[in-house]
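Trainee:
Number of protein chains: 2
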Amino acid sequence: MEIEKYQSGQDFIGFVNNLGALEEDVAAMLSRQLETLYCKKGEAILVQGATCRYLYYINSGLVKTGFESSDRTFIMRFFAEGEMFTVLDSYLSQKPSTYEVVALEDTVITRILRTEMDKLCTRFHAMETFFRKLVSMASVNMMSRIGEILEEQASARYENFLKENPELLQRISLGDLASYLGITQVSLSRIRAGL
Amino acid sequence: MEIEKYQSGQDFIGFVNNLGALEEDVAAMLSRQLETLYCKKGEAILVQGATCRYLYYINSGLVKTGFESSDRTFIMRFFAEGEMFTVLDSYLSQKPSTYEVVALEDTVITRILRTEMDKLCTRFHAMETFFRKLVSMASVNMMSRIGEILEEQASARYENFLKENPELLQRISLGDLASYLGITQVSLSRIRAGL
DNA sequence: ATAGTTTTTTATCTTTTGATAAATTTTCGA
DNA sequence: TCGAAAATTTATCAAAAGATAAAAAACTAT
């Protein structure tokens with residue numbers, strides 16, 4: 057995992073601007089705090105037990121966020137290029153994370169330290185607004201995920217995933233998809249066979 | 057459902073101050089926008105298909121937020137006195153809600169219009185910070201709920217609920233608890249019987 | 001290309017949960 | 001207090017998903 061400081065982070069900035077335009081000087085200050093990460097496929101970006109100190113933006117590649125339970129593992133969400141993510145509870149509490157983040161492909165990431173993000177949010181209302189919108193979007197996604205898990209059987213959740221994320225299906229293993237759906241890999245295989 | 061305008065809304069203000077102190081004049085402006093709602097047990101505070109225009113604070117009582125599916129119903133969360141809530145997706149998008157909110161007891165609520173909240177957030181950085189923290193807390197709760205539903209069987213989720221919310225158990229029906237756990241009332245009865 | 005590893009499928013059997021119906025208990029209003 | 005309605009439990013059978021093992025297919029590195 058290579059780290060490069062002082063990258064322009066244009067994609068990251070663009071993402072922020074998309075949720076609400078920043079003034080030039082704020083964008084410049086933000087840009088100065090970004091660094092770029094080059095992760096190999098399979099590499100852990102955050103391990104369970106570590107504290108998540110960054111907000112991340114994916115320039116290219118794909119990651120999974122999840123956790124290991126007794127023996128199985130579960131995936132909370134996949135994030136692909138153009139998406140921003142963090143491990144929210146650990147990021148906010150600055151306590152060790154029960155979740156891990158692993159690259160599923162060679163992945164290029166731009167990140168900013170939470171401490172720097174906090175400074176910017178305190179100083180610039182627009183940054184706080186951006187972060188509020190970001191967390192709001194995450195919440196809405198999680199709401200619908202909860203609703204779906206409660207309501208639908210695994211087979212329907214699989215069908216929905218196909219419909220909503222056809223492009224992702226080519227890029228993730230069926231094992232990981234099963235972990236996301238909350239079933240075993242064997243069960244998913246059975247569902248796919250249409251039994 | 058009776059509505060009373062120009063209440064002081066001290067509890068609501070107190071909740072906000074708890075997440076980050078407001079200046080006197082901001083608190084006063086906020087206070088002016090609050091109104092109080094008196095709901096009877098069983099009354100709908102928001103029906104499916106209506107748009108959620110308010111952020112709510114519960115002074116006393118208990119509500120459930122959930123949705124009706126094909127035939128069963130599901131509960132996203134219970135909110136009791138001292139908690140703030142809204143139907144986030146509808147509140148943010150101002151589109152019809154797929155979720156409903158129903159009072160489980162006679163409930164007194166203080167609410168503020170989203171349009172007024174937005175004005176305050178735009179005008180006062182501290183209000184935006186408050187709302188960001190509120191949504192952040194909701195997100196963290198939802199994360200752990202997703203993790204738990206994925207990981208645990210219904211029986212373990214029931215045990216956890218007992219441990220985490222012993223006081224609520226006395227106040228909600230087992231049918232509603234089953235809807236929250238994502239199982240049928242009959243299944244919950246079986247789990248309680250310890251089979 | 002091929003041997004070895006990993007991923008996916010198939011098969012069998014068990015456990016959990018759902019559907020349905022009926023019995024029992026509780027709640028609540030007249 | 002009584003009786004109807006609602007909530008909860010119990011029982012039976014069916015469907016969905018887990019555990020395990022083994023076979024087949026797909027990837028990978030030499």
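Protein chains in written order, with the working numbering: chain A, 57 to 251; chain B, 57 to 251. Using N, Cα and C, we set each Cβ at its ideal position, and we do this for glycine too.
Select from the segment 200-214 of chain A all residues with a C-beta closer than 7 Å to any C-beta belonging to chain B, and list them in chain order.
Mentor: R201, I202, G203, I205, L206, E207
Trainee: Quick one, which of L169/A, R88/A, Y112/A, V119/A has its alpha-carbon nearest I131/A's?
Mentor: V119/A
Trainee: Going by alpha carbons, who is nearest to L93/A out of Q150/A, L86/A, T166/A, L206/A?
Mentor: T166/A
Trainee: In chain B, what lies closer than 7 Å to R188/A by C-beta?
Mentor: E184, F187, R188, V191
Trainee: Within a Cβ cutoff of 7 Å, which residues of the same chain sit near E59/A, ignoring the five residues on either side of it in sequence?
Mentor: The sequence given here places Ile at residue 59/A; Glu does not occur at that position. The residues are E91, L93.
Trainee: CB I101/A to CB A159/A, shorter than 8 Å?
Mentor: It is a contact, given that the beta carbons lie within the stated cut-off.
Trainee: Using a 10 Å radius around the Cβ and a threshold of 16 neighbouring Cβ atoms, would you call S57/B buried or exposed?
Mentor: With the sequence shown as reference, residue 57/B is identified as Met, and Ser is not the correct amino acid for it. M57/B is exposed by the Cβ-count criterion.
Trainee: So who's on the other strand from R213/B, going by DSSP bridges?
Mentor: Partner(s): none; R213/B has no beta bridge.
Trainee: Between D232/A and chain B, is the shortest Cβ-Cβ distance under 8 Å, so that the two count as touching?
Mentor: no
Trainee: Determine the contact status of L86/A and L206/A, defining contact as a CB-CB distance below 8 Å.
Mentor: no
Trainee: What three-state label does DSSP hand L111/A in the structure shown?
Mentor: L111/A falls in the strand class under three-state DSSP.
Trainee: How about G65/B and T185/B: are their beta carbons less than 8 Å apart?
Mentor: The beta carbons of G65/B and T185/B sit no closer together than 8 Å.
Trainee: Which of the three DSSP states, helix, strand or coil, is assigned to F68/B?
Mentor: helix
Trainee: Between V103/B and E156/B, which are expected to be in contact by the criterion C-beta below 8 Å, what is the C-beta distance as a whole number of angstroms?
Mentor: 6 Å
Trainee: Consult DSSP for R128/B and reduce its assignment to one of helix, strand or coil.
Mentor: Three-state DSSP puts R128/B in coil, outside helix and strand.
Trainee: Considering just the uninterrupted stretch of the beta strand (DSSP E) at Y155/A, what are its terminal residues?
Mentor: Counted as a single uninterrupted DSSP element, the stretch harbouring Y155/A is not any beta strand (DSSP E), since DSSP gives it neither H nor E.
Trainee: In the DSSP assignment, find the beta strand (DSSP E) that holds L93/A and state where it starts and stops.
Mentor: L93/A: member of the beta strand (DSSP E) spanning 91-95, first to last residue.
Trainee: Using DSSP with H/G/I as helix, E/B as strand and the rest coil, what is L102/B?
Mentor: strand
Trainee: Touching or not, the segment 128-146 of chain B and the segment 105-117 of chain B, by the rule of three or more beta carbon pairs under 8 Å?
Mentor: yes
Trainee: Find the nearest neighbour of C108/B within the set L169/B, R133/B, S125/B, E99/B, judged by alpha-carbon distance.
Mentor: L169/B
Trainee: Name, please, each residue of chain A whose Cβ falls closer than 7 Å to the Cβ of S125/B.
Mentor: Here the neighbours are E207.
Trainee: If I follow the unbroken beta strand (DSSP E) through L233/A, where does it start and stop?
Mentor: Looking at the DSSP string, L233/A is not in any beta strand (DSSP E); the run it does join, the alpha helix (DSSP H), is 230-237.
Trainee: Taking C-alpha atoms, which residue in Y110/B, E80/B, D81/B, T121/B lies nearest to G98/B?
Mentor: T121/B
Trainee: Give the residues from the segment 126-160 of chain A that approach chain B closer than 7 Å (Cβ to any Cβ), ordered along the chain.
Mentor: Under the 7 Å Cβ criterion, the segment 126-160 of chain A contributes F130, M132, L144, D145, L148.
Trainee: Can you tell me whether DSSP reads R227/A as helix, strand or coil?
Mentor: coil
Trainee: Assign V242/B to buried or exposed, taking buried as 16 or more other Cβ atoms, counted over all protein chains shown, within 10 Å of its Cβ.
Mentor: exposed
Trainee: Does the distance from the C-beta atom of G203/A to that of F123/B stay below 8 Å?
Mentor: Contact flag set, yes.
Trainee: Taking CB distances under 8 Å as the criterion, tell me whether G238/A reaches chain B.
Mentor: Yes, its Cβ sits closer than 8 Å to a Cβ of chain B.
Trainee: Less than 8 Å between the C-beta atoms of R179/B and R188/A, yes or no?
Mentor: Contact check for R179/B against R188/A fails: the beta carbons are separated by 8 Å or more.
Trainee: Out of P222/B, E220/B, V191/B, state which residue places its alpha-carbon closest to the alpha-carbon of F141/B.
Mentor: V191/B
Trainee: State the start and end residues of the unbroken beta strand (DSSP E) segment that holds E184/B.
Mentor: No beta strand (DSSP E) contains E184/B, which is instead part of the alpha helix (DSSP H) from 181-207.
Trainee: Shortest alpha-carbon distance to T154/B belongs to which of E215/B, S125/B, E172/B?
Mentor: For T154/B, the closest C-alpha among the options E215/B, S125/B, E172/B is that of S125/B.
Trainee: If the cut is a Cβ gap below 9 Å, which residues of chain B does V196/A touch?
Mentor: L144, D145, L148, S149
Trainee: Quick one: what's got a C-beta closer than 6 Å to S235/B's C-beta in the same chain, skipping five residues either side?
Mentor: T129, F130, I131
Trainee: Taking just the CA atoms, how far does A249/B sit from K258/B?
Mentor: A question about residue 258/B goes unanswered here, because the residues of chain B that appear run from 57 up to 251.
Trainee: Helix, strand or coil for E58/B, going by three-state DSSP, please let me know.
Mentor: strand
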